[in-house]
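Counting from 1, position 66 in the sequence shown corresponds to residue 83 in the working numbering; the numbering is continuous, with no gaps.
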Amino acid sequence: ESYQVYYHDGYTYSNSEMINLLGLKKLLVVDLQVYAGELQRTLHKVELAIEQMDREVQQLEESRVGRVFSAIKQFSLLRHMHLDWPQWLRFMRKAVAPEWQKHAQALRPYLPTKVDFVEACKAVYILIDVYGLSVGDFSRGLINGKQYKSKRFGAMDCFALARHGFERRYFDLAEAWFEAIALTSDNDEINRVLGYSWALVLQLYARNLLNMNKKELALTVLQRASTLGIDDQSIVRQLELLERGDLKPTQGTTLLKIINFEHYVRGCRGLFDPPKGLSCHYDFHTHPVLRLAPFKVEPLSQDPYIAMYHDVIYDSEIEELKDNAFPDMERSKVYTYSDKDGKDTGRTSMSAFQTDHQYKAVTKVNRRVMHMTGFEVLADGSSDELLVLNYATAAQYLTHSDYFGPAYSEYIQRGDRIATVLFYLNDVEQGGKTVFPRLGIFRSPIKGSAVVFYNMNSSLQGDPRTEHGGCPVLVGTKWAATKWIYSAEQMFRWPCVDPK
Ligand SMILES: O=C(O)CCC(=O)C(=O)O
Ligand SMILES: [Fe+2]
18 ESYQVYYHDG YTYSNSEMIN LLGLKKLLVV DLQVYAGELQ RTLHKVELAI
68 EQMDREVQQL EESRVGRVFS AIKQFSLLRH MHLDWPQWLR FMRKAVAPEW
118 QKHAQALRPY LPTKVDFVEA CKAVYILIDV YGLSVGDFSR GLINGKQYKS
168 KRFGAMDCFA LARHGFERRY FDLAEAWFEA IALTSDNDEI NRVLGYSWAL
218 VLQLYARNLL NMNKKELALT VLQRASTLGI DDQSIVRQLE LLERGDLKPT
268 QGTTLLKIIN FEHYVRGCRG LFDPPKGLSC HYDFHTHPVL RLAPFKVEPL
318 SQDPYIAMYH DVIYDSEIEE LKDNAFPDME RSKVYTYSDK DGKDTGRTSM
368 SAFQTDHQYK AVTKVNRRVM HMTGFEVLAD GSSDELLVLN YATAAQYLTH
418 SDYFGPAYSE YIQRGDRIAT VLFYLNDVEQ GGKTVFPRLG IFRSPIKGSA
468 VVFYNMNSSL QGDPRTEHGG CPVLVGTKWA ATKWIYSAEQ MFRWPCVDPK
């Protein structure tokens, strides 16, 4: 079995990149195994030598008591100390399995960077914040009342997340993560091998408590250190400083509050009321083929027009789209932000554009978009290529608009994104809703359905009410496909709308 390691700009929290990371881990474990084997053989040799030296020391000890060292013993000791010991000193400095160490070191550039790691921490914090989860429950795999067996954080995970919160001054959530460490079943892990110490954990925990103005509790935590058998000078010092009142609390903060964050969160939690006064209907008219097979349309909003279309993409097409897109998926970009590579923490999905005619499913889906909307999508510049998306657990697309506005460089030729068709390619176990915060509308993904919405008003200006987002996936993964349709080509297809 061989594993290929791909190097690219960072690891997103995503299925395809986790597969790469797993491959890397397997390679490194092999290196470490060989290293361990060599270490064991070396250890065995050293132990044999120690045994022998111990025996010699015993015999020399007897000579010392009698104060008679035979000429042989004298010579042998002198030779050993002069010739053997420099060898042993050299031996101790020598690397074990150096070529395997070199191999492992060479893989270092492929390890996730600080940026990747911070983004992963952020993703967890966003999940907790958006869904209002209890850190204690979440860390043990209890999510909205459902116990997930394989989803448990270890002590090191909880500590890393606590530290992230502490460093970013999210003291309340950090406290919950510090507490979660105690709930893990492997909390002896800290202190082992890599030199993390309980002393450090307790100090940061106490500091965090102080910042939350819980000085008494902070003192208790530090005092507990000695009963836990932790003997560390820095704890004693911190205790003194705290008792003397020399440590002052730092002001905390909360997670970034984006525009309409409150509404976004309400939508993601499914707390909006269902739309009123709209009823489902069959669409027989948008295209002649619909007379035979009408679409099932569930309107969500009349103005701006938003509707859910049911059973508009077949399972076989879905499989074809996913299979073809998966190997080409890259971190999704955001074009309207100034960030130069387009990578944005607000959009953490992976995606790949699929050219029309690249394979049958794309052609069929594009044609269906035309039947659903009555818009042209195949003519040059009339739409973006179909974008197949995968949101891993915790991935999301924060609130945004799909239109660009007049500053868009191709505004004159292409117009703007008049409509969006978003196909759902699977059911998501928990989370992953599409939310329109300003309109109080949300929808959970349903495999085979699509949301269709018009982004522009009847005078062809971007309609800010169409602002929407893809909520973080809480459990499972989310597959979707987006078709963005541009206005210029639709000149004669734009439905007449009653200006009210
Ligand atoms: O994934 C979602 O629910 C939203 C996707 C979206 O907004 C887009 O692709 O433009
Ligand atoms: Fe969008």
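Every residue gets a Cβ at the ideal spot worked out from N, C-alpha and C, and that includes glycine.
Computed from a predicted structure; not experimentally measured.
For residue i, the three-state DSSP class (helix, strand or coil)
i    : result
H16  : Because the chain here runs from 18 to 517, residue 16 falls outside it and cannot be looked at.
L442 : coil
R460 : strand
D356 : Confidence in D356 is poor, its pLDDT being 47 and thus under 50, which makes the residue's placement too unreliable to answer from.
V329 : coil
A114 : coil
R510 : coil
S156 : helix
L95  : helix
V492 : strand
V314 : strand
K517 : Its pLDDT being 44, under 50, K517 is placed unreliably by the model, and the measurement read from it follows with that caveat. It is coil, neither helix nor strand.
R348 : strand
G182 : helix
F470 : strand
K293 : coil
K131 : helix
D361 : strand
T303 : coil
A411 : coil
R125 : helix
A424 : coil
Q319 : coil
Anticipated Cβ contact below 8 Å, residue i with residue j, distance rounded
i    : j    : result
A199 : C138 : That belief does not hold up - the Cβ atoms of A199 and C138 are roughly 20 Å apart, past 8 Å.
M389 : V438 : 7 Å
A112 : D48  : With 8 Å as the limit, A112 and D48 do not qualify as a contact, their Cβ atoms being about 13 Å apart.
D328 : K313 : 6 Å
E506 : A396 : 5 Å
T267 : N228 : 5 Å
A235 : L258 : No, A235 and L258 are not in contact; Cβ-Cβ is about 11 Å, not under 8 Å.
V405 : A342 : 4 Å
Y408 : K350 : Not a contact, Cβ separation roughly 15 Å.
I330 : F440 : 5 Å
L415 : G486 : 5 Å
R180 : L221 : 6 Å
beta-carbon residue i near ligand 1 non-hydrogen atom, thresh 7 Å
i    : result
H485 : yes
D146 : no
T499 : yes
Y471 : no
T451 : yes
Y503 : no
Y414 : yes
Proximity test, residue i beta-carbon vs ligand 2 heavy atom, cut-off 7 Å
i    : result
T437 : yes
H417 : yes
For residue i, the first and last residue of its enclosing alpha helix (DSSP H)
i    : result
H13  : In this structure the chain extends from 18 to 517, so residue 13 is not present and cannot be described.
H388 : 377 to 390
E77  : Per the sequence shown, residue 77 should be read as Leu rather than Glu. First-last of the alpha helix (DSSP H) with L77: 32 to 83.
E233 : 232 to 244
Q250 : 250 to 261
I247 : Careful: I247 lies outside any alpha helix (DSSP H) and carries neither H nor E.
Q478 : Looking at the DSSP string, Q478 is not in any alpha helix (DSSP H), and its letter there is neither H nor E.
N225 : 215 to 228
Y428 : 428 to 431
A193 : 188 to 200
Delimiting residues of the beta strand (DSSP E) encompassing residue i
i    : result
N407 : 403 to 408
Y502 : Here residue 502 turns out to be Ile, not Tyr, going by the sequence shown. Residues 495 to 503.
H417 : 414 to 417
L150 : Careful: L150 lies outside any beta strand (DSSP E) and carries neither H nor E.
F453 : 451 to 453
Q371 : 367 to 371
H485 : 485 to 487
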